[in-house]
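Trainee: Quick mapping for you: the protein sequence lines, in order, are chains V and G. Heads up: the first sequence begins at 1 in the working numbering, then just goes up one per residue. Heads up: the second sequence begins at 1001 in the working numbering, then just goes up one per residue. Even glycine gets a Cβ: it sits at the ideal position worked out from N, Cα and C.
There are 2 protein chains.
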Amino acid sequence: MAESSRITARDGVRADARRNRERVLVAARAVFAEQGIDAPMATVARRAGVGVATLYRHFPTRDALVRGAFAQQMETCARALTEALAAPDPWQGFQHLVETVCALQREERGFPAAFVAAFPETASEHARSRQRAERDFTTLVRRAQASGALRADFHPSDLAVVLLAHCGLVTALPDDGAASRRLVAYLLQSFRTDTANKPLPPPAALTLRSLLMATDGPQGQRPPRG
Amino acid sequence: MAESSRITARDGVRADARRNRERVLVAARAVFAEQGIDAPMATVARRAGVGVATLYRHFPTRDALVRGAFAQQMETCARALTEALAAPDPWQGFQHLVETVCALQREERGFPAAFVAAFPETASEHARSRQRAERDFTTLVRRAQASGALRADFHPSDLAVVLLAHCGLVTALPDDGAASRRLVAYLLQSFRTDTANKPLPPPAALTLRSLLMATDGPQGQRPPRG
DNA sequence: GTCCAAGCGGACGATCGCGTCCACTTAAGA
DNA sequence: TCTTAAGTGGACGCGATCGTCCGCTTGGAC
C-alpha cells in the first residue's frame, strides 16, 4: 500500500485511474477486433465497465484511443525494423520485416486500420520516430540491393504499397490467414532478383462466392464510413 | 410523343419515372466517387434533384443503388473475361483481364467497394452469371498454365486475393494510379514462370508521411466498421 | 379538355453516436 | 479519522441519417 502510493505519487495518477485506463485499453482492443475501429465509444466504455466520461478523460479522441490500444503492436513493428537492420543477411532482414508486419496486421484484428489511421499525428515525437523509421528502411533497402538479392528498381515507397494492399486484404477477409500469406509470398518473390518460382503457401479457400459471404460480415471494407 | 408513349407503354413505366431513375444513377456515381458508397442517401437525392422518396422507390436499399450505379462497370468486367478467353495467347488474355479490372477499380472511384459489396446478392440471375464467371476464369487459368506462361501453382482463388488487395490499395489512395500500377506489375510478374525482372511502372510518389496525409481524406478505409 | 393512377417531394418520427456537464464517490496524505 | 481534490458515471442536448407517410402534381389515355 505504501508502495502503491509511492508508485502513484511518481506519476501523480491515482491508482484507480490507472486501473481504469488499463481496463479501457483491454476493452478497446477486444471491441476494435470485433467491430472495427469505428465501433461506438460507448461500447468500449461499457465493455470496460466504466462510464463514457472516464473513457473520454483518458482518451479525448477516438484516435488517441486507437493509438493507445495498438501502441504495443507499433512497437513490435519498430523492433522488427531494428532487427532487420541488424541481420547479417540484408535480404533476410528485409523479408523478416515484411513478414512480421504483415503477420501483425493479419493476427491482430483492427490493427491494420489502426496502423494506417495512427500515422497522421504530426506531433513532434512521433514524427521524429517515423522519420527515423523511413531512413532506416531506406538503408535496409539499399543494403539488400547491394547484396544483389533485392531488385534494383525496388523503391522504398513500395513498402507502403505492400502494406496498404495487405491491409485491404485482411480487412476484407479477417479470417483468412491463407490469403494474406499467399499475397505476401507472391510479392516477396517478385521483389527478388533471382525469381525462379519458389513454393507458395497453400491457396486461400476462396471461391468468389465464399469470398462474398465473408465480406458480408461486420468489418466489410467501406471507407468507411468512407 | 406517340413514340415516347409507345416506349413507355412497353415497360409500363412513366417517362418522368424513367428520367428520374437515370438522374439518380448519374448522381449516385458522382456522389459515390466523391464520398464513398456510404454517402448519405439524401445527398444523392439532392444531387439528382429529386426527393428522397423517389430515390427509395427506385432503389429500396443502398445496395440496390450501388449495384445500379456500377452495373456498367460490372459489365465491362464480364466483357473483359470473355475477351480474355477469346485471346489467341492465354497469358495475354490473363494479363489483360487482371489489368482491365484493376484499371476500372483505379479509375472509377467507389467502384472497388461496390465491386466487393455487390456480390453478396444471391439472387438467381446474378448467382448464375457469377458461377459462369468463375468457370470461365478457371478455364482461362488452365489454358495459361498449359501454355507454360502461368505458374502451375497459381490458383483461381488468387484472383480474389489480387482484387481485394488492389481494392484496399486504391481505396486508401484514391489519387495514386502509380501505386496501383506498381502493385499490379509486381503481382503479374510473380505469376509468370519466366520471372526475369521486367521493367516496372514508376514508383508511387509516397513517403510514409505523404501516405498518411492521403489517408486523412474521405474514403479512408475503415471497415467500416472494421 | 378531362380524368386518374402513377409518380412525386419533403416533412416527420425514430434511432444512433457524440461529447459535455455536474453531482457523487473515493484514494490517499495528514 | 478527516479532508479534499482527483476521479467517476450516466443523464442529457445536439446533430446526422434513416426510411415512411401522405397530400400534391403530372403524364398520358380517351
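#1: DSSP three-state call for residue 1005 of chain G: helix, strand or coil?
#2: Here's a check: name, in chain order, each residue in its chain whose Cβ is nearer than 6 Å to the Cβ of residue 54 of chain V, leaving out the five neighbours to either side.
#3: Helix or strand or just coil, what does DSSP make of residue 123 of chain V?
#4: Given a threshold of 16 other Cβ atoms within 10 Å of its Cβ, counted over all protein chains shown, does residue 61 of chain V qualify as buried or as exposed?
#5: Taking a cut of 8 Å between CB atoms, which residues from the stretch 54 to 82 of chain V lie near chain G?
#6: Is the CB-CB distance between residue 1152 of chain G and residue 1090 of chain G below 8 Å?
#7: Work out the CA separation of residue 1069 of chain G and residue 1011 of chain G for me, nearest whole Å.
#8: Looking only at its chain, what residues have a beta carbon closer than 7 Å to the beta carbon of residue 101 of chain V, apart from the 5 residues adjacent to it on each side?
#9: Helix, strand or coil for residue 1200 of chain G, going by three-state DSSP, please let me know.
#10: Quick one: does residue 98 of chain V have its CB under 8 Å from some CB of chain G?
#11: Give the range of the alpha helix (DSSP H) segment to which residue 47 of chain V is assigned.
#12: Taking only beta carbons into account, state which residues of the stretch 1154 to 1169 of chain G come closer than 7 Å to chain V, listed in chain order.
#13: Return the Cβ separation of residue 1167 of chain G and residue 1116 of chain G in integer angstroms, given the expectation that the two are a contact with Cβ distance under 8 Å.
#14: Can you tell me whether residue 1051 of chain G is buried or exposed, with buried defined as 16 or more other CB within 10 angstroms of its CB?
#15: Helix, strand or coil: which one does DSSP assign to residue 192 of chain V?
#16: Between residue 270 of chain V and residue 95 of chain V, is the Cβ-Cβ spacing less than 8 Å?
#17: How many Å lie between residue 1109 of chain G and residue 1128 of chain G at the Cα?
#18: Using CA atoms only, rank isn't needed, just tell me which of V:25, V:83, V:165 and V:56 is closest to residue 1171 of chain G.
#19: Compare the Cα-Cα distances from residue 141 of chain V to each of V:112, V:159, V:15 and V:195 and report the closest residue.
#20: List the residues of chain G whose Cβ lies closer than 7 Å to the Cβ of residue 25 of chain V, in chain order.
#21: Of the choices G:1193, G:1138, G:1029 and G:1015, whose alpha-carbon is the least far from that of residue 1085 of chain G?
#22: Using the Cα positions of residue 174 of chain V and residue 1015 of chain G, report the straight-line distance between them to the nearest angstrom.
#23: Establish whether the CB of residue 1123 of chain G and some CB of chain V are separated by less than 8 Å.
#24: For chain G, find out if any of its Cβ atoms is closer than 8 Å to the Cβ of residue 171 of chain V; answer yes or no.
#25: Less than 8 Å between the beta carbons of residue 1114 of chain G and residue 1037 of chain G, yes or no?
#26: Could you give the distance in angstroms between the alpha-carbon of residue 103 of chain V and the alpha-carbon of residue 1186 of chain G?
#27: Could you tell me the distance, in whole angstroms, from the CA atom of residue 1150 of chain G to the CA atom of residue 180 of chain V?
#28: How would you label residue 1135 of chain G, buried or exposed, when you count the other beta carbons within 10 angstroms and need 16 or more for buried?
#29: At a Cβ threshold of 8 Å, is residue 1189 of chain G touching chain V?
#30: Just to confirm, is the Cβ distance from residue 1039 of chain G to residue 1031 of chain G under 8 Å?
#31: In this structure, does DSSP put residue 1150 of chain G in helix, strand or coil?
#32: Between the beta-carbon of residue 29 of chain V and the beta-carbon of residue 49 of chain V, is there less than 8 Å?
#33: What does residue 1182 of chain G reach in chain V if we use C-beta pairs closer than 9 Å?
#34: Would you grab the beta carbon distance between residue 178 of chain V and residue 202 of chain V for me? Rounded to a whole angstrom, and I think it's under 8 Å.
#35: For residue 1156 of chain G, which residues from the same chain have a beta carbon less than 8 Å from its beta carbon, with the 5 sequence-adjacent residues on both sides left out?
Mentor: Walking through what the data contain:
#1: Low local confidence applies: a pLDDT of 38 at residue 1005 of chain G is under 50, so the model's placement there is unreliable, and no value is given.
#2: Exclusion of the five residues before and after residue 54 of chain V leaves 20 as the residues of its chain whose Cβ lies within less than 6 Å of its Cβ.
#3: Caution applies to residue 123 of chain V, whose pLDDT of 45 falls short of 50 and renders its modelled position unreliable; the value that the coordinates give is listed next. In the structure shown, residue 123 of chain V sits in coil (DSSP, three-state: anything other than H, G, I, E or B).
#4: exposed
#5: none
#6: no
#7: Spanning the alpha carbons of residue 1011 of chain G and residue 1069 of chain G requires a straight line of approximately 20 Å.
#8: 77, 80 and 163
#9: coil
#10: no
#11: 41 to 48
#12: 1155, 1157, 1158, 1160, 1161, 1164, 1165, 1166, 1167, 1168 and 1169
#13: 6 Å
#14: exposed
#15: strand
#16: This structure does not reach residue 270 of chain V, given that chain V is present from 1 up to 226, and the question cannot be answered.
#17: Rounded to the nearest angstrom, the two C-alpha atoms are 27 Å apart.
#18: V:165
#19: The residue with the shortest Cα to Cα distance from residue 141 of chain V is V:159.
#20: Near residue 25 of chain V there are no residues of chain G at all, since even the closest Cβ is about 19 Å away, more than 7 Å.
#21: When G:1193, G:1138, G:1029 and G:1015 are compared, the shortest CA-CA separation from residue 1085 of chain G is found for G:1138.
#22: 46 Å
#23: Confidence at residue 1123 of chain G is low in this model, with a pLDDT of 44, below 50, so its placement is unreliable and no value can be given for it.
#24: yes
#25: Yes, the Cβ-Cβ distance between residue 1114 of chain G and residue 1037 of chain G is below 8 Å.
#26: 20 Å
#27: Taking the CA atoms as reference points, residue 1150 of chain G sits about 21 Å from residue 180 of chain V.
#28: exposed
#29: Taking Cβ atoms only, chain V reaches closer than 8 Å to residue 1189 of chain G, which makes this a yes.
#30: Contact flag set, yes.
#31: It is a strand residue.
#32: no
#33: 155, 157, 158 and 161
#34: The beta-carbon distance between residue 178 of chain V and residue 202 of chain V, rounded to whole angstroms, is 6 Å. This is short enough to meet the 8 Å contact definition.
#35: 1134, 1137, 1138 and 1141
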